[in-house]
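Under the UniProt record's numbering, the final residue of the sequence shown carries the number 379; numbering is consecutive throughout. Idealized CB from N, CA, C, for every residue including glycine. Source: prediction; values computed, not measured. These notes are about the structure you will find just below.
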Amino acid sequence: MPENDNVKVAIRVRPLSNKEKAECLGKQCIQVDLSMSSISIDTKSSIKTFTYDFIGDQDITQEELFEVIGQPIASSCLAGYNGTIFAYGQTGSGKTHTILGPSSLNLLSANINDYNLRGLLPRALEFIFNSVKKEIKRCSGVEFLLKCSFLEIYNEQINDLLLPEQRGLQIREDIKKGVYIEGLQIETVLSFEETYELLNTGIKNRHVGATSMNKESSRSHSVFTLAIESKEKKDDLWNFRSSLFHVIDLAGSERQKSTEARGERLKEASMINKSLSTLGNVINSLVDISEGKNRHVHYRDSKLTFLLKDSLGGNSKTCIIANISAASTCFGETLSTLRFAERAKLVKNQAVINEDTVGTIKELREEVKNLKIQLNNAK
Ligand code: ADP
Ligand code: MG
């Protein structure tokens, strides 16, 4: 994909299910042109063609998708940039498959065929831990500290997936720490296996929560974050780097039928709409800004956009994977996802390496001495 500051947008078309194959009798609502990175859709009034940074058709493997999208962002995070990957799309479009892989998959006991179906997040974690090992071998003066957290946003409430009794956590923002969640469990991790176990614990907690509340996990947004810190001594100076790698499996983007919903379900429908509609509003404001218009971006209107402020229009390398189905029965939602994805690619980010260079005590003493001399001379 070309190197620029815009949010990258990839489309992934999921293979038709057997049910869809039977229902559509081979008729699909989109036409993919891989050489042009474009997708055409017949909107009844006209044929609309959209182009994106990357399109994965029904044949793309998990490995290929990781190489195109996961690996470049994971590498950037190791170099000190923040990175974010969102999976967007209607329920059943393949978001969780793309991020995690098949739901029953346990990598630590899987056979090789199942193992190859692992999604982008386990692949990225494996890649990051392997790269860290290589870097430590290559350069003896470098040290790394990796930490992870895992949360869900459900009904505009932040729940800790690593410590499930922690519910309704608050987002805070300060100049030093940026945006963070007060009290969120943050685990230091030393290996891929340890991180993968935590990821699985979080996924189980998400399902238990979903069942006990009679909801589906497709109604909540899940955010997995790996914080990478490193320090390296170069020519008597310490170079500190820190970055955040967020991977988000969004709630299903389909319009909620609020007329059918009552009570808790109605509240839930409007809250999910709130996070996703705020995401849409934030993207629209950022697109206006990229066109030179003066706009205020209402990040704080939803938990999702407040927490991921840097990922949209800020200091991050961000990719949105919009998942779609080609089934003609999914026409409306597929068109709506293609439109959302088209706007998102106009958002401009400004990613920088988050680093700080500090001299040794000897050097700092030297600097203090020089400043004192300057001060005396100025008197
Ligand atoms: P979502 O998370 O968007 O609701 P899922 O990832 O759960 O959707 O996918 C719905 C179903 O389609 C699952 O049974 C999943 O295994 C299957 N599926 C999705 N994407 C693919 C794919 N690329 N290849 C094979 N099966 C897929
Ligand atoms: Mg899902």
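Asked                                                                                                                                                                : Found
At 3 residues or longer, and completely inside the segment 218 to 262: list those beta strand (DSSP E) runs for me, N to C.                                          : 221 to 234 and 237 to 249
Can you give me the C-alpha to C-alpha distance between phenylalanine 306 and glycine 183, rounded to a whole angstrom?                                              : 17 Å
Can you tell me where the beta strand (DSSP E) with glycine 332 in it begins and where it stops?                                                                     : From DSSP, glycine 332 is part of no beta strand (DSSP E) but of the alpha helix (DSSP H) over 331 to 344.
Need the endpoints of the alpha helix (DSSP H) that valine 132 sits in, please.                                                                                      : 120 to 138
Answer yes or no: do residue 387 and threonine 96 have a C-beta to C-beta separation smaller than 8 Å?                                                               : Because the chain spans 1 through 379 in this model, residue 387 falls outside it and cannot be assessed.
In whole angstroms, what separates the C-alpha of lysine 137 from that of asparagine 130?                                                                            : 11 Å
Given that a residue counts as buried once 16 or more other Cβ atoms are within 10 Å of its Cβ, and exposed if not, what is lysine 345?                              : buried
When the Cα atoms are used, what is the spatial distance from valine 282 to phenylalanine 127?                                                                       : 32 Å
From this set, Ala341, Glu232 and Lys21, which residue's C-alpha is nearest glycine 80's C-alpha?                                                                    : Glu232
For the ligand MG, any of its heavy atoms closer than 7 Å to the Cβ of serine 218?                                                                                   : yes
Just tell me which of Ser328, Ser311, Thr278 and Gly141 has its CA closest to the CA of isoleucine 320.                                                              : Ser311
Between aspartate 5 and lysine 372, what straight-line distance do the alpha-carbon atoms span, to the nearest angstrom?                                             : 43 Å
Assuming isoleucine 324 contacts isoleucine 60 under a Cβ cut-off of 8 Å, what Cβ separation, rounded to an integer in Å, is found between them?                     : Wrong, their Cβ atoms sit about 13 Å apart, outside the cutoff.
Closer than 7 Å by C-beta to isoleucine 353: which residues in its own chain qualify, once you throw out the five before and the five after it? Chain order, please. : Ala79, Gly80, Tyr81 and Arg241
Sort Leu107, His246, Val287 and Glu254 by Cα distance to isoleucine 85 and report the nearest one.                                                                   : His246
So is glutamate 173 buried or exposed if we call it buried at 16+ other beta carbons inside 10 Å?                                                                    : exposed
Below 6 Å CB to CB, which residues in the same chain sit around glycine 252 once its five sequence neighbours on both sides are set aside?                           : Gln90, Thr91 and Ser218
From leucine 304 to valine 297, what does the alpha carbon distance come to, in whole angstroms?                                                                     : 14 Å
I need the DSSP call for isoleucine 175, collapsed to helix, strand or coil.                                                                                         : coil
Hey, quick one: how far does the beta strand (DSSP E) through glutamine 31 stretch, first residue to last?                                                           : 30 to 33
Exposed or buried, cysteine 148, counting other C-beta atoms within 10 Å across all chains shown (16 or more means buried)?                                          : buried
Using the Cα positions of threonine 259 and asparagine 273, report the straight-line distance between them to the nearest angstrom.                                  : Confidence in threonine 259 is poor, its pLDDT being 49 and thus under 50, which makes the residue's placement unreliable; the coordinate value appears in the next sentence. Their backbone Cα atoms lie some 14 Å apart in a straight line.
Is it the case that the Cβ atoms of glycine 94 and arginine 14 are separated by a distance below 8 Å?                                                                : yes
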